[in-house]
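Its first residue numbered 2, the sequence shown is counted upward by one per residue in the working numbering.
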Amino acid sequence: MAFIVKKKIHGKEYYYLNENKRVEGKVKTKTIAYLGKTKKEAEKKAKGILKEIKVGISSSSSLPTHLQKIVGNEKTEMVKLDISIEDMTVFCKRRGFVYASGDIYGGLSGFWDFGHLGVELKNNIKKEWWKFHVQKREDIVGIDGSIITSPKVWEASGHVSNFLDVAVVCKKCRNKTKIDKHEIGKVKCEKCGGEFENKGEFNPMFITQIGPVEEDSLRAYLRPETAQLIFTNFKYVYDNARMKLPFGIAQIGKSFRNEIAPRDFLFRTREFDQMEIEYFVNPNKKCPYKIPNVGILVYSAEMQKKNLEPRKMKLKDAYKNKIIQTDWHAYWIAQEFLWFINLGANPDKFRIRQHTADEKSHYALDTWDFEYKFPFGWKELQGMANRTDFDLKQHEKFSGKDLKIFDEETKKKFLPHVVCEPSQGVGRAFLVFMFDAYFYDKERGNVVLKLHPKLAPIKAAIFPIVKREEFEKIAKDIVDDLKEEMNVVYDQSGSIGRRYSRNDEIGTPYCITIDEESLKKSNVTIRNRDTKKQIRVKISELKNVLDELINCKIKFEDISKK
Ligand code: GAP
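Below, the structure written as structure tokens:
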């Protein structure tokens, strides 16, 4: 049973969330969370804690199973919580990650604003993606294309004539959604199993006009993908960056789709950021890179056709056994998987699914989707299509420009193929990292957002242990110094426990405290968010130590050895 209690300590009132447990026939009471100093605050916080762990507060009923799991397991203090997409939306709003766009006017379906922490996490995701895919590689360079471009680009790419969704409404529950053309007559409403009424095809590109006078204006589109700008700039980049095949061009930027049914928070939105690579190869040459030795759940088109379950296998075996057709595809799938798991995502929640013959896009020879087990099911996280020379061919045809390159070996000109196009939505990656980081610590009584330090919005919070001028001065000097290199905050409001829990909940990996010993020995404590362990470090070494911790060059336990 969970209930709120008030305690008087040194004449002051404090509220706690307690729990009664029967141990060897006797009822014992344990505190599971500190709730603040007022009844109102306590009730709000208790509701929040219990909402985050998917239960309702009750003073008379038994603890619901989720909470029993949390408070009842003496060995495991930290529990992984699988919360719903609705709870994640609430959490993101309450903690300053994401708000509905124009929320004070009731919001706008499919549009979201990133708050002071959300923008940091989103920027860190993009930064890490760019570092891994561009900065650290010799064979990939980037571009930043325009959101609105010549409408001819979209005619050439096939988006004007082929980029079509089918709008349907459930005859029973009136659920509005979109389906692919090949699904007409084959799928039923996912909410109630009812039949769909077909409302017709429509193109999800947003239309705009260029030029203020309507009669003289040009009809244009907000780009529905970043990819096409890579193709139209292909030849310039190839020549000016002096690239040699195989090579890639990367881009991060906004895309827009007028989705029929935006849903599931950041999962399906009308405005979103994409991180895409077009990787160009000579189709007659093999991949020169080794396929990394990683295994993942594989769900081929054949397995789907035969109603078989996905099977875990090494990607190099999937290629050897011809489940994945090209070595390049296997190589890129492994790279994308490694990017996610090296940044703390849970590998067991990933699988790759091959597009069946009737669902492939108009441009693709073979497509594998990277799927993630979201609370609302296995869904596409990233698309990886083999686009062949479709796009370059189309742009040659529509522009009349020669986009071929010269092959030194055969002394002939040819169009390179895009053998794999890793295409990732930033919002979906944001959700993956948030879901996989969401833990609850029963002893602390709060959520611990175990984001990888590279992704964490705030790298360190710096506190004077109590309000005292000498402590505050040291803390502020440290903040000024660290701010040159990383995002840190100064925090002196509330008890030290409250400051820890506030930072645990937003994923700050390190808390730095200035105390009496700091005055005498010029050192501070660093507290590790995940283990609560603390270690003393000289102030003069703090910046280096934090940098090494964040970039995984040293383990927390090894700092004192150093
Ligand atoms: N250039 C290829 C392309 O755009 P896609 O499968 O349509 O392929 C690629 O999109 C990725 O972009 C998806 O896997 C997803 O991560 C993201 N994405 C697509 N539509 C989205 C939407 N409406 N909201 C959020 N992310 C979206």
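Ideal placement from N, C-alpha and C gives every residue a C-beta, glycine not left out.
What you are looking at is a predicted structure, and each value in this text was computed from that prediction instead of being measured.
Residue j beta carbon less than 7 Å from that of residue i
i           : j           : result
residue 257 : residue 207 : yes
residue 277 : residue 228 : yes
residue 299 : residue 342 : no
residue 339 : residue 453 : no
residue 570 : residue 383 : Residue 570 lies beyond the stretch modelled for the chain, which goes from 2 to 563, so this question has no answer here.
residue 502 : residue 552 : no
residue 204 : residue 246 : no
residue 251 : residue 143 : yes
residue 202 : residue 165 : yes
residue 368 : residue 386 : yes
residue 437 : residue 365 : no
residue 198 : residue 172 : yes
residue 178 : residue 262 : yes
Reduced DSSP category for residue i - H, G, I as helix; E, B as strand; rest coil
i           : result
residue 233 : helix
residue 68  : Confidence is the limiting factor: at residue 68 the pLDDT is only 38, short of 50, which leaves the residue's position unreliable, though a coordinate-based value still follows. Residue 68: helix per DSSP, three-state reduction.
residue 171 : strand
residue 183 : helix
residue 421 : strand
residue 256 : strand
residue 498 : helix
residue 386 : strand
residue 121 : helix
residue 92  : helix
residue 53  : Because residue 53 sits at a pLDDT of 48, beneath the cut-off of 50, its placement in the model cannot be relied upon, and the following sentence gives the value as read from the coordinates. Helix, per DSSP.
residue 201 : strand
residue 342 : helix
residue 61  : Because residue 61 carries a pLDDT of 27, less than 50, the predicted location of this residue cannot be relied on, and the following value inherits that uncertainty. Residue state, collapsed to three classes: coil.
residue 565 : There is no way to answer for residue 565, as the model of the chain reaches only from 2 to 563.
residue 373 : strand
residue 303 : helix
residue 276 : strand
residue 16  : strand
residue 359 : coil
residue 545 : helix
residue 393 : helix
residue 431 : helix
residue 75  : Residue confidence is low: residue 75 scores 40 on pLDDT, short of 50, so the model does not pin down where it sits. No coordinate-derived value is stated.
residue 152 : helix
Residue i beta carbon near the ligand GAP (any heavy atom closer than 6 Å)
i           : result
residue 218 : no
residue 381 : yes
residue 258 : yes
residue 90  : no
residue 252 : no
residue 429 : yes
residue 354 : no
residue 426 : yes
residue 136 : no
residue 272 : no
residue 378 : no
residue 224 : no
residue 275 : yes
residue 228 : yes
residue 269 : yes
residue 146 : no
residue 345 : no
residue 159 : no
residue 384 : yes
When the options are compared against residue i, the one with the closest alpha-carbon
i           : options               : result
residue 459 : 122, 383 and 535      : 122
residue 500 : 528, 423 and 484      : 528
residue 432 : 478, 530, 329 and 380 : 380
residue 405 : 434, 115, 350 and 238 : 238
residue 3   : 48, 466 and 41        : 48
residue 463 : 435, 440, 385 and 497 : 497
residue 19  : 12, 366 and 46        : 46
residue 267 : 530, 37, 91 and 538   : 91
residue 505 : 550, 445, 519 and 466 : 445
residue 170 : 148, 111 and 200      : 200
residue 541 : 535, 555 and 526      : 526
residue 292 : 479, 279, 337 and 310 : 337
residue 473 : 480, 465 and 479      : 465
residue 254 : 224, 134, 492 and 533 : 224
residue 244 : 221, 264, 280 and 176 : 280
residue 539 : 554, 515, 555 and 556 : 515
residue 184 : 124, 360 and 145      : 360
residue 332 : 323, 288 and 301      : 288
Below-7 Å beta-carbon distance, residue i vs any chain C residue
i           : result
residue 374 : Judged by its chain identifiers, the structure shown contains no chain C, having just a single protein chain.
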